[in-house]
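Here the first sequence stands for residues 745 to 1318, numbered as in my numbering.
Where a beta carbon is used, it is the ideal one built from N, C-alpha and C, also for glycine.
Take a look at the structure set out below.
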Amino acid sequence: MSELHSHLRTRIVAAAGGLPLDVVAGLVLQPAKDPAFGDVALQCFALAKHRGQPPQQVASALAAALTPDAVLESATATGPFVNFRFRRAALAEHVVGGILHDRAPYGPMPPTGQCIVVDFSSPNIAKPFHMGHLRSTVIGAALCRLHRHLGATVHGINHLGDWGAQFGKLMTAFLRYGSDAELERDPMRHMFEVYVRYGKEAKADPGLDAESAEHYRRLESGEDNLERRLWKRLRDLSLKAFEGPYRRLGVTFDHVTGESFYEDKMAGALARVREAGILEESEGAEVVRLESLGIKEPCILRKSDDTSIYATRDLAAIFYRSATFRFDRALYVVGSEQKLHFRQLVGVLKRMGVPEAERIEHIDFGLILAKNAETGKWEKFATRGGNAIFLDEVLDEAVANVRRIIAEKNPDLEDRDAVAEQVGVSAIVFNDLKNSRIKDVKFDWEAMLNFEGESGPYVQYAVARLAGILRKADAEVRGAEGVDFAHLADAERVLLPLLEFGPALQRAAAQSEPSVLTGLMITIAGEIHAYLRDHHVLGAEPAVRRSRLALVAAARKVLKTGLGILGVAAPDRM
RNA sequence: GCGCCCGUAGCUCAGCUGGAGAGAGCACCGGAUUUCUAAUCCGGCGGUCGCAGGUUCGAGUCCUGCCGGGCGCGCCA
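Written out as structure tokens, the structure reads:
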């Protein structure tokens, strides 16, 4: 809550007089529905209930009691609402001054002592980095940066899919259809090709799966055998190949500990479950039954062929991370198709009675759907079917599109290639973070490459325009010193969304929902675009020009900060 | 079949713990540039909030049923 809001709250509580704590907590200030009403509004329903009076009456009494002061310009009752208007100078000074002085929430918040672990991206090795991996990667990276900004200690972990029965299959595939030369030439494509071929041939020949199971068993034996050496080679090649996409996306991890990292920790995890007395034998496998928690499907922790399964590794990871980081929250940015898996994991922890059960959160998200050209319907990408779209292809296409636009609109731009890369890549990132994460993303080339309206380039363009103005004002001071904020009385449409930056960050964090921030960025960009049309900066008289420059600097800074949290670059020229 | 999620304008989506005439972008139509980047701005067109009940002073938001779509449902991850 901003100082403006807390000042207002204090006055409201004082004016209302002698309220119980729960009623005070229920006094929520919200942005006014319409700027014509005021800046912020208080709804009087809860207060009216407490008083036993009609809301309208409570509202008018409250409005009458709240006389203007240095911050508050007016309080007016409109039906059951009281609408407040801040003094323009106070609003501008708080917002613009706060931003230019890097005060929280515009600058980083002080450390909270909270520790958050974010498990994200986690691609399966030996498969190309495709669009399906993008969501977890960009949402997870955004949440990491968001929580850091809010003062938490964050551990971003890439829980690579580098272990499991799938590698038995990959080995069978490579040993049967692969070639060393091809593997060296284009490792990811080759691994993908032999894997796809395996998928087809295994349908006709069940013997392949038996062969694969044996490879996996030998891999898990712990011996330094053919399987282990091959696995290591495929893993190294994959890690190398993943560096590309991560670099382009600007994503980094604090820990790259894939599933294989827990190879020697699974036995201990399993032992803890057994000691808790909840591990049962069932059909040759070892499972934890979860019916008592309303989950019909038991959680399998040891398969009947005595090999491990991903639940075992996830459990081992939870114990390891808990002991190592002592996390308060562990966020798993994983697609919603794994919902049951995480419910089961938490279920096992609950039955064990360990506190980690309350600290695990599955941050689920929808799939990326492709439009079927023939039927016009939206369908899931099928990795094995071969219609998977590689991330690099998408990024390249976006960058090429930006290059075309630059050639047309700003042909003299310096560093054209670098800017095109930044704008193109971040258009894709922004597009992914734009919608509620739970909804499926419809992968639509046309929409994604349209940089008009609600898009990354739209926001970036605002930054570039603002930067251009500041550049031309060059020698002038850009801090808040000596600014007469009364001159920004006409900037309320920009100032009010800027005031929402803090609440938006809080809400984005509380809901693990980057789209809250994306939406605010679009709003701020839109308002500043509109403001610049009717309010010239450089041509204004000196005192006004000085104030508007401060506003321009502030808006640019907030956009840059917000985009930075989202993982979107904000070049000063484009 | 069972469980979970989604269903708001032609398309893609917002709508913050239920609260002030249901908003935006795209598309379409019409305007704005002697001046700070027109990747912009301004205006217009466009909605039985899937359907039917219910709770409430008040429901796009909560509950129940139905319809449509998606995902999941024991040894893949």
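Reduced DSSP category for residue i - H, G, I as helix; E, B as strand; rest coil
i            : result
residue 871  : coil
residue 1111 : coil
residue 1183 : coil
residue 829  : strand
residue 1246 : helix
residue 1291 : helix
residue 1040 : coil
residue 1129 : In this prediction, residue 1129 has a pLDDT of 48, which is less than 50 and means its spatial position is unreliable; what the coordinates show is noted afterwards. Residue 1129: coil per DSSP, three-state reduction.
residue 1098 : coil
residue 781  : coil
residue 772  : coil
residue 903  : coil
residue 898  : strand
residue 1026 : strand
residue 923  : coil
residue 1138 : helix
residue 881  : helix
residue 1144 : helix
residue 763  : coil
Exposure label - residue i; buried when at least 16 CB within 10 Å
i            : result
residue 789  : exposed
residue 976  : exposed
residue 1300 : buried
residue 865  : buried
residue 909  : buried
residue 845  : exposed
residue 1182 : exposed
residue 745  : exposed
residue 1129 : Only weak support exists for where residue 1129 lies, its pLDDT of 48 falling under 50; the value from the coordinates is given anyway. It counts as exposed.
residue 912  : buried
residue 765  : exposed
residue 755  : buried
residue 1200 : buried
residue 871  : buried
residue 1026 : exposed
residue 762  : exposed
residue 1196 : exposed
residue 1236 : buried
residue 987  : exposed
residue 900  : buried
Residue nearest to residue i in terms of C-alpha spacing, selected from the options
i            : options                : result
residue 817  : 787, 850, 841, 783     : 783
residue 1008 : 1000, 974, 964         : 964
residue 1293 : 1304, 1305, 1279, 1306 : 1279
residue 776  : 1241, 1264, 1309       : 1241
residue 991  : 1045, 1088, 1139       : 1139
residue 1319 : 748, 1318, 798, 967    : Within the shown structure, residues of the chain are numbered from 745 to 1318, placing residue 1319 beyond reach of any answer.
residue 859  : 1069, 1224, 1160, 821  : 1069
residue 843  : 1303, 1316, 1211       : 1303
residue 749  : 771, 766, 820, 987     : 771
residue 1112 : 932, 831, 874          : 874
residue 785  : 767, 799, 829, 897     : 829
residue 1087 : 1169, 1115, 1044, 1150 : 1044
residue 906  : 868, 878, 931          : 868
residue 1093 : 1104, 1084, 1083       : 1104
residue 849  : 1011, 1305, 1314       : 1305
residue 1231 : 1257, 972, 1281        : 1281
residue 791  : 1239, 780, 931, 768    : 768
residue 887  : 1259, 1152, 1284       : 1259
message: Please give me, in chain order, every unbroken run of the alpha helix (DSSP H) with length at least 4 that falls completely inside the region 957–1006.
response: Taking only runs of at least 4 residues, the alpha helix (DSSP H) segments lying wholly in the region 957–1006 are 970–993.
message: Under 8 Å: do the region 1002–1017 and the region 1051–1064 share three or more Cβ pairs, one atom per stretch?
response: Short answer: they touch.
message: For the region 914–932 against the region 1018–1033, do three or more pairs of beta-carbon atoms, one drawn from each stretch, fall closer than 8 Å, so that the two count as touching?
response: Judged by Cβ distances under 8 Å, the region 914–932 makes no contact with the region 1018–1033, as fewer than three pairs qualify.
query: Quick check: the region 1024–1040 against the region 823–842, are there 3 or more CB pairs under 8 Å?
result: Two segments are said to touch when three or more pairs of C-beta atoms, one from each, lie closer than 8 Å; by this definition the region 1024–1040 does not touch the region 823–842.
message: Any contact between the region 1174–1183 and the region 879–892? By contact I mean 3 or more CB pairs, one from each, below 8 Å.
response: Short answer: they touch.
task: Check whether the region 842–861 touches the region 883–897, counting contact only when three or more Cβ pairs, one atom from each stretch, lie closer than 8 Å.
output: Counting Cβ pairs under 8 Å, three or more are found: they touch.
task: Identify every run of the beta strand (DSSP E) within the region 1053–1093, keeping only runs that are complete inside it and at least 3 residues long; order them along the chain.
output: The qualifying runs are 1073–1077.
message: Count Cβ pairs between the region 1154–1168 and the region 1263–1279 that sit closer than 8 Å; are there 3 or more?
response: These segments do not touch.
- prompt: So, do the region 794–813 and the region 1185–1199 have three or more beta carbon pairs nearer to each other than 8 Å?
  reply: Look at the beta carbons and you see the region 794–813 not touching the region 1185–1199: under three pairs across the two are nearer than 8 Å.
Meets three-Cβ-pair contact criterion under 8 Å: the region 830–849 and the region 934–954: By the Cβ test, the region 830–849 is not in contact with the region 934–954, since fewer than three Cβ pairs between them sit closer than 8 Å.
- prompt: Is the region 1097–1104 in contact with the region 1061–1075, if contact means three or more CB pairs nearer than 8 Å?
  reply: These segments touch.
query: Which residue spans inside the region 1230–1276 form an unbroken alpha helix (DSSP H) run of at least 4?
result: Uninterrupted alpha helix (DSSP H) stretches at least 4 residues long and entirely within the region 1230–1276 occur at 1236–1243, 1245–1254, given in chain order.
query: Within the chosen definition, does the region 1133–1153 reach the region 986–1000 through at least 3 CB pairs nearer than 8 Å?
result: Because the criterion of three Cβ pairs below 8 Å is met, the region 1133–1153 and the region 986–1000 touch.
task: Note down, one range per segment and in chain order, each alpha helix (DSSP H) of at least 4 residues found wholly within the region 1148–1217.
output: Those alpha helix (DSSP H) runs which fall completely within the region 1148–1217 and span 4+ residues are 1160–1178, 1189–1192, 1200–1216.
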